[in-house]
Amino acid sequence: MAHHNRSALLASRAASRYCYGLSSCTVRRATMSTSASSALGIDSSNTNSSTSDSAQGTRPRKHLVFTNRSGPSLQHFLAQPLPGSAQVSGAVPEDLPYLSVSDWGQGRTYYVEVYGCQMNVSDTEILMSVLNKAGYQRTMELEGADVVFLMTCAIREKAEDKIWNRLTHLKTLKTKSRPGRPPMVGVLGCMAERLKEKLLESDKLVDVVCGPDGYRSLPRLLSLRALSADGVANVMLSADETYADITPVRLDANKISVHLSIMRGCNNMCSFCIVPFTRGTERSRNIDSIVDEVRQLSQQGIREVTLLGQNVNSYRDTSQSEAFDTAGYGSDLSRGFNTIYKRKEGGRRFAELLHRVAQVDPEMRIRFTSPHPKDFPDELLYVIRDNANVCRNIHLPLQSGSTSCLERMRRGYSREAYLDLVKHIRSVIPDVTFSTDIIAGFCGETEAEHQDTVSVMQQVGFDLAFMFAYSMREKTHAHRKYQDDVPADVKSRRLQEIIATFHESAKARNQRFVGSQGLVLYEGLTKRHSRPFGSDDYGHKVFLDLPPTLSVQPGQYVRVHVDSASSTSLSATAESTTTLAEYYAGQPQIGFGA
């Protein structure tokens with residue numbers, strides 16, 4: 263009986279007193295369903311809503327929303343003692359009487375759709391691990407799933423529009439196709455963080471909203487939603503969550519390349535960018551956990567790992583208790599670059615991490631994305647140059663080629679500093695290729711500023727580019743300070759000019775590979791045309807002609823002869839299988855930090 267009473271008390275507290283112990287948290291009370299209340303020994307007729315409100319049907323919907331500015335996490339809240347009870351030390355229990363996490367999840371299925379960047383792919387693999395541990399099973403069939411998750415992006419308005427359209431389709435599935443057994447719908451990721459309240463108020467369609475730092479709580483949120491009449495959310499941002507202890511469950515177990523998250527969040531606060539508001543401040547995993555995961559991936563047969571972070575080359579491991587001298591490990595900013603925030607001292611930097619990762623398996627290729635141009639000290643360039651398995655393609659986001667526009671964007675560099683960095687990188691790594699990000703039509707952009715961007719593109723010669731028209735985001739510095747005053751038709755025209763400039767330049771650059779020998783990591787067949795393909799060191803997609811006498815398996819390196827090139831890909835004839843060591847035999851290895 264005592265256990266039952268405590269369970270009921272905990273449930274009552276969960277349903278009606280969520281603010282206990284959360285001084286810096288915004289919480290809305292969730293109303294319990296009648297059946298759930300009865301099962302937990304709660305009199306559901308005794309509510310705080312007035313009789314008149316109930317009679318008139320005007321009681322507003324109330325959702326359970328965990329959010330914060332700098333407050334404690336959901337797990338911290340659940341660990342707090344009841345009034346008058348003794349403090350229990352130790353970790354938060356995995357299950358609680360009123361949150362039957364393992365029982366409720368056992369055998370239930372979930373379906374997940376991923377939108378946006380590679381970080382969302384990585385996050386999806388983390389949440390799949392969390393859900394599988396709680397007894398859920400992934401299904402590839404939308405119609406039969408018990409829970410449908412959308413992993414969302416908020417970087418541009420178009421990305422959010424796509425999710426709203428998808429939710430409209432899911433509403434039909436939930437209300438018409440399966441009225442007797444409707445699936446729960448969960449919205450995850452950056453859009454969940456940005457629009458939590460709007461999502462929960464969307465025609466009772468969304469059941470669970472969870473931000474990027476709340477995936478550990480998903481099983482509990484699903485259990486709470488089963489007991490509640492309204493939606494639940496955890497959109498707390500964390501100062502230390504990295505999910506370093508969670509082994510991801512790969513979305514595609516057959517792929518020979520993976521993305522590995524080494525850090526989360528961003529401190530740069532570029533005026534156009536929503537990421538710091540949806541993913542929080544920077545925090546990095548410790549080096550040893552990353553190296554261990556890379557070693558495990560190598561043992562599983564993975565041939566390419568991309569180290570992943572919002573500002574990946576600002577990585578800084580501060581897990582060591584003793585002071586750590588950063589001298590010689592890439593702690594300095596690139597020449598001519600600055601930040602709007604105070605950089606912290608100490609910690610082990612990205613150059614050391616990249617070096618250690620490259621040593622795990624000399625036959626495993628290593629890439630990294632997405633960096634910021636400010637964080638390319640010489641030590642990092644030497645690591646790229648001196649390790650044959652670190653790819654010679656560097657993503658170097660430009661955003662704009664105009665110094666005045668870059669100032670409004672708060673990028674921390676000028677046109678001249680960017681071009682000087684490109685020149686310096688090429689002096690250290692002569693065969694390097696560059697990819698970039700470019701925004702057309704940022705606030706106040708003049709025609710002259712646009713032409714500055716075009717001219718930088720022509721001078722640098724990018725091999726790959728991600729180009730977009732500017733989309734203003736609420737909460738950003740640009741939203742507070744500037745007007746989105748470039749007309750849509752002008753943005754579109756400038757974007758098309760940027761795209762045309764890229765294709766013209768990239769096609770000319772790619773012609774230099776025609777007639778040469780190259781090394782390609784074979785990945786398999788394309789989905790649409792079943793054409794053999796792979797990728798080279800420089801970030802190019804390479805379509806392959808495989809002679810009937812040559813047997814090649816995904817994950818093998820192939821020596822090729824490049825036959826033709828377009829602005830976006832190469833076509834080549836496979837000659838023989840090889841290894842990285844064999845292909846690069848005889849090339850000097852100068853060593854880390856030279």
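Position one of the sequence shown corresponds to residue 263 (the working numbering), numbered consecutively onward.
For each residue, glycine too, the CB sits at the ideal point set by N, CA and C.
Rounded C-alpha distance that separates residue i from residue j
i: F931; j: H657; result: As displayed, the chain neither begins before 263 nor continues past 856, which places residue 931 out of reach and without an answer.
i: V622; j: T601; result: 33 Å
i: D357; j: F638; result: With a pLDDT of 46 at D357, under the threshold of 50, the modelled position of that residue is not reliable, and the figure given next carries that caveat. Near 45 Å, if we compare the C-alpha coordinates of F638 and D357.
i: Y577; j: L683; result: 20 Å
i: I691; j: G723; result: 15 Å
i: Q758; j: R672; result: 25 Å
i: G397; j: P481; result: 9 Å
i: L660; j: G598; result: 15 Å
i: V468; j: R478; result: 19 Å
i: T841; j: V820; result: 8 Å
i: E837; j: V822; result: 5 Å
i: V645; j: V824; result: 28 Å
i: P633; j: L486; result: 39 Å
i: L596; j: L681; result: The amino acid occupying residue 596 in the given sequence is Ser; Leu does not appear at that position. Answer to the nearest angstrom: the Cα atoms are 12 Å apart.
i: C705; j: V814; result: 50 Å
i: S745; j: L499; result: Here residue 745 turns out to be Gln, not Ser, going by the sequence shown. When rounded, the distance between both Cα atoms is 29 Å.
i: T631; j: V574; result: 6 Å
i: G303; j: G493; result: Confidence in G303 is poor, its pLDDT being 30 and thus under 50, which makes the residue's placement unreliable; the coordinate value appears in the next sentence. G303 and G493: Cα-Cα distance of roughly 22 Å.
i: V556; j: L389; result: 20 Å
i: D807; j: P794; result: 7 Å
i: A620; j: I760; result: 35 Å
i: A506; j: N772; result: 39 Å
i: S778; j: H521; result: 30 Å
i: P444; j: V752; result: 45 Å
i: S754; j: E625; result: 44 Å
i: Y675; j: A710; result: 18 Å
i: D554; j: R400; result: 26 Å
i: K433; j: N427; result: 10 Å
i: H791; j: S826; result: 19 Å
i: K438; j: N394; result: 29 Å
Sub-8 Å separation of residue i and residue j beta-carbons
i: I425; j: M446; result: no
i: C653; j: R627; result: yes
i: M729; j: A702; result: yes
i: A768; j: D725; result: yes
i: D475; j: G542; result: yes
i: K458; j: A495; result: yes
i: R677; j: D640; result: no
i: T738; j: I536; result: yes
i: V511; j: S391; result: yes
i: I508; j: I564; result: no
i: G801; j: N655; result: yes
i: I552; j: L642; result: no
i: D514; j: S546; result: no
i: F858; j: L832; result: Missing from the structure shown is residue 858; the chain here goes from 263 to 856 and no further.
Limits of the unbroken alpha helix (DSSP H) element including residue i
i: R677; result: 677-690
i: Q758; result: 750-772
i: Y644; result: 640-648
i: V556; result: 549-561
i: L432; result: 419-434
i: V619; result: 612-622
i: H712; result: 709-722
i: R742; result: 739-743
Delimiting residues of the beta strand (DSSP E) encompassing residue i
i: H823; result: 819-827
i: P794; result: 794-798
i: D807; result: 803-807
i: E837; result: 831-840
i: T371; result: 371-376
i: E785; result: 779-787
i: V494; result: 494-496
Bridge partner(s) assigned by DSSP for residue i
i: H657; result: S697
i: H521; result: T568
i: G448; result: F411, V470
i: T631; result: L570
i: M729; result: I700
i: N651; result: In DSSP, N651 forms no bridge with anything.
i: S546; result: M525
i: R400; result: Y372
Inter-residue CB distance, residue i and residue j (contact presumed, cutoff 8 Å)
i: A421; j: R456; result: With 8 Å as the limit, A421 and R456 do not qualify as a contact, their Cβ atoms being about 11 Å apart.
i: V409; j: L462; result: Wrong, their Cβ atoms sit about 16 Å apart, outside the cutoff.
i: N548; j: S581; result: 4 Å
i: M413; j: V374; result: 6 Å
i: Y732; j: L781; result: With 8 Å as the limit, Y732 and L781 do not qualify as a contact, their Cβ atoms being about 38 Å apart.
i: F411; j: Y377; result: F411 to Y377, Cβ: 11 Å. No contact.
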